[in-house]
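A quick write-up on the structure given underneath.
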Amino acid sequence: MVKVDCLELKNIDFFYKKNNFILKNLSVKFFGGKITALLGINGSGKTTLFKILTGIYKPGSGFFSYNDKLISSDNILFYKSLLGFMPEYLQLYKNMYVKDVLRLLGDLKGYKNFDLDGILDTVFLLEHSNKKVKALSKGMKQRLNLAQAIIGDPKIILFDEPSNGFDCGSITMFYGILRRIVSKGSIVLLSSHHLTEIYGNVDKVLILSDGCIIKEINIDFFDNNDDFLCKEIFILLNDVIKYDIFLFLKKKFLGIKIKDGNILFGRVNNKIIVDLILEIIKLNLNIKDIRIENKILEDTLVNLS
Amino acid sequence: MNIYKIAKKEIVFNFRNYWVFLSALIFCVVNFVIIYFGETISGDYSQTDIRSLSLSIIHLQMYLIPLLSFVLSYDSILSEKESGVLDLILSYRITLLDIFLGKLFGNSFIFMISFCLGFFPVAMYLFVLGISFVVLFKFILVSIWLSFIFNSFALFISYSSKDRTFVILLSVFIWLFFIFIYDILFTFFAIFLYGTISADTLSFLLFLNPAEIFRLISIFYFIPYDANDLFGINVGFLSVLYIIFSMFVWFMFSIFMFVFIYLRER
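Which chain is which? The protein sequence lines are A and B, in order. Under our numbering, the letters of the first sequence match residues 560 to 864, in that order. Under our numbering, the letters of the second sequence match residues 129 to 394, in that order.
Take a look at the structure:
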């Protein structure tokens with residue numbers, strides 16, 4: 560049986576001032592070959608946890624281990640050699656050229672001869688490699704930040720709020736890279752406060768609130784749970800709906816409401832959305848526009864937190 | 129190895145941002161301005177007063193070297209803290225001590241290049257006036273030592289806070305303290321405690337300020353007959369070994385200051 564890498568945190572406490580706890584008795588395991596997302600509202604302790612995992616902060620109590628090997632100040636440098644980290648905020652040397660920055664960071668990381676062009680190509684920055692960092696857009700800078708994190712194919716890779724500044728294409732590219740990394744058995748942990756964005760892209764979700772993991776959810780849970788599949792739907796009709804037709808729809812599709820006489824809206828699951836649209840067509844009502852929002856996942860996160 | 133990598137990074141950055149050439153220019157221009165006005169005041173262009181010229185050059189370096197060291201290093205760590213680069217580098221196989229020492233050696237090297245470039249024309253002029261090459265060489269070495277000490281102070285301040293205003297104000301205060309306030313306090317105590325405190329103790333107090341050590345050594349080199357009397361205190365008995373030892377103590381203090389922070393943070 561192939562042994563899966565494991566990063567374990569046990570009874571981690573962290574506080575800046577006495578009794579002002581950021582992390583409280585936190586215990587969790589992260590496994591290789593899986594993308595784990597750490598979700599939490601602002602101030603829930605995500606960044607502090609990342610700083611502990613990168614060895615920048617030392618926990619007040621508790622410990623963390625990699626493959627059952629306790630990480631202490633004696634072997635922290637070895638642990639760091641396995642690590643890739645993409646911080647939430649990073650302004651790299653703005654007067655340097657993209658390729659020089661990456662070469663410098665690779666050198667500092669301990670990789671003198673790595674495939675610079677290959678990494679730049681992976682993050683779609685190869686054609687911008689001769690530009691100065693200050694000439695890059697926000698999204699490009701974030702991709703450069705991502706590039707330095709993946710130098711040397713790290714065994715553990717941490718992304719703190721990685722999608723800030725990414726456009727839709729970059730997000731797809733980002734999760735594509737993540738899938739490639741986990742296929743090699745690496746441990747991937749990312750933090751976010753957008754449940755909608757990570758839905759469908761990660762394997763496991765941990766919800767962090769007030770310094771504690773309050774829920775661990777496998778991604779299958781979302782697919783098998785109607786509450787999580789609910790979406791906010793808005794259907795704009797060309798004409799005002801007759802009251803009896805609305806009563807009929809309301810009776811058949813619980814949760815549907817009406818606004819301004821011609822907008823049907825409500826929180827319903829995927830099946831009801833399809834059935835409702837089919838029913839509207841059957842009733843010969845003309846649909847002008849349909850808008851579906853996935854905000855309910857966010858509300859769920861806020862409620863859980 | 130990591131210290132070398134960080135030092136190399138600092139050297140490359142400071143060459144890129146033209147700091148080396150700008151500060152070399154400042155050294156050169158300000159020294160020649162002092163030389164020119166010194167000669168103008170004396171009114172005699174044919175025969176330069178070597179004693180007063182030497183004192184002016186020594187004092188100018190005493191003000192400029194700490195000041196430019198602070199300018200070079202005060203935001204060396206602070207800017208990396210602000211940009212998130214420090215946290216990133218600390219997530220690599222690099223310790224805080226590697227960063228401190230790498231920056232200290234890198235910035236000191238940069239300062240050395242800058243000082244040598246800027247002071248070279250001045251040294252040539254002084255050589256023509258009759259100051260020996262050995263004296264000038266030793267003076268350059270002591271200047272590099274002084275910049276090393278003040279670079280370490282600046283890096284320490286740069287690490288101590290995240291607040292840029294605080295760091296700038298503290299840097300200015302430290303510079304003022306070692307260059308002006310210490311002198312005033314020293315003179316005050318020398319007068320106030322005259323007769324109650326031994327001359328040895330008072331002369332020892334001079335060694336608590338690296339800028340005073342620089343001044344004392346430089347006077348020893350340039351105008352040895354003046355070195356017996358500094359602040360009205362007889363310092364002629366201080367041997368070269370004693371002075372070298374105090375320089376070494378300050379050098380080690382600069383390094384161990386960072387070792388101490390590193391061990392405390394660990």
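Just so it is clear, CB atoms sit at the ideal spot from N, CA and C, and this is done for glycine as well. These numbers were taken from a predicted model, which means no experiment stands behind them.
One question on the structure: do Phe573(A) and Gly604(A) come within less than 9 Å of each other, judged by their Cβ atoms? yes
C-alpha distance - Leu254(B) paired with Phe243(B), whole-angstrom precision: 16 Å
Within 7 Å of chain A by C-beta, residues of the segment 218–232 of chain B in sequence order: Leu218, Ser219, Tyr220, Arg221 and Ile222
Proximity below 9 Å, CB of Asn601(A) to CB of Ser586(A): no
4-residue-minimum alpha helix (DSSP H) runs that sit fully inside the segment 665–703 of chain A, ordered along the chain: 675–681
For the pair the segment 225–244 of chain B and the segment 302–316 of chain B, tell me if three or more CB-CB distances fall below 8 Å. Output reads no: the segment 302–316 of chain B does not touch the segment 225–244 of chain B.
Using a Cβ-Cβ distance under 9 Å, would Asn235(B) count as near chain A? No, Asn235(B) does not count as interfacial toward chain A.
Gly825(A): first and last residue of the uninterrupted beta strand (DSSP E) it sits in: Ile822 to Val827
Against chain A, does Phe143(B) count as a neighbour if the rule is that its beta carbon must be under 9 Å from one of theirs? no
Measuring only the C-alpha atoms, how far is Asn145(B) from Arg662(A)? 19 Å
Just checking my contact of Leu649(A) with Leu216(B) at CB under 8 Å: how many whole Å lie between their CB atoms? 6 Å
Who are the neighbours of Leu133(B) on chain A, taking C-beta pairs under 7 Å? Reading off the sequence, residue 133(B) comes out as Lys, not Leu. Here the neighbours are Asp666 and Leu667.
Cβ pair Arg221(B), Leu636(A) closer than 9 Å: yes
For Val387(B), return the contacting residues in chain A, with the cut-off set at a CB-CB distance below 8 Å. Here the premise fails: no neighbours, minimum Cβ distance about 15 Å.
So is Asp215(B) in contact with chain A if we call contact Cβ pairs under 9 Å? yes
Would Ser640(A) pass as an interface residue toward chain B - the criterion being a Cβ-Cβ separation below 9 Å? yes
In whole angstroms, give me the CA-to-CA distance for Ile325(B) and Gly665(A). 59 Å
Assuming Gly246(B) is part of the alpha helix (DSSP H), what are its boundary residues? Leu224 to Leu257
According to a CB-to-CB cut-off of less than 7 Å, which residues of the segment 240–262 of chain B neighbour chain A? The segment 240–262 of chain B vs chain A, Cβ under 7 Å: nothing.
Rounded to a whole number of angstroms, what is the C-alpha to C-alpha distance between Leu813(A) and Ile839(A)? 15 Å
Name, please, each residue of chain B whose Cβ falls closer than 7 Å to the Cβ of Pro646(A). Gly212, Asp215 and Leu216
In the DSSP assignment, what residue or residues form a beta bridge with Gly814(A)? DSSP lists no partner for Gly814(A).
Any C-beta of chain A under 9 Å from that of Lys290(B): no
Quick one: is Asn337(B) near chain A, going by C-beta distance under 9 Å? no
Kindly indicate which three-state DSSP category Arg850(A) falls into: helix, strand or coil? Strand, per DSSP.
Among Glu210(B), Leu218(B) and Leu181(B), which has the Cα closest to the Cα of Lys639(A)? It is Leu218(B) whose Cα lies nearest to the Cα of Lys639(A).
Can you tell me which of the three DSSP states Glu208(B) falls into? helix
Using a Cβ cut-off of 9 Å, pull out every chain B residue sitting near Gln650(A), in sequence order please. Glu210, Ser211, Gly212 and Val213
What does DSSP give as the partner residue(s) for Ala596(A) in the beta ladder? Leu749(A) and Val764(A)
Is the shortest distance between the beta-carbon of Gly614(A) and the beta-carbons of chain B less than 9 Å? Chain B, which has a Cβ nearer than 9 Å to the Cβ of Gly614(A), makes this yes.
Rank Tyr625(A), Asn626(A) and Ile611(A) by C-alpha distance to the C-alpha of Gly619(A) and give the top, closest one. Ile611(A)
Does DSSP put Leu304(B) in a helix, in a strand, or in coil? Helix, per DSSP.
Per-residue contacts from Leu663(A) into chain B (C-beta, under 7 Å): Lys137
Is DSSP giving Val741(A) helix, strand or coil here? helix
Simplified DSSP assignment, three categories, for Val587(A): strand
Short CB-CB distance (under 9 Å) between Asn279(B) and chain A: no
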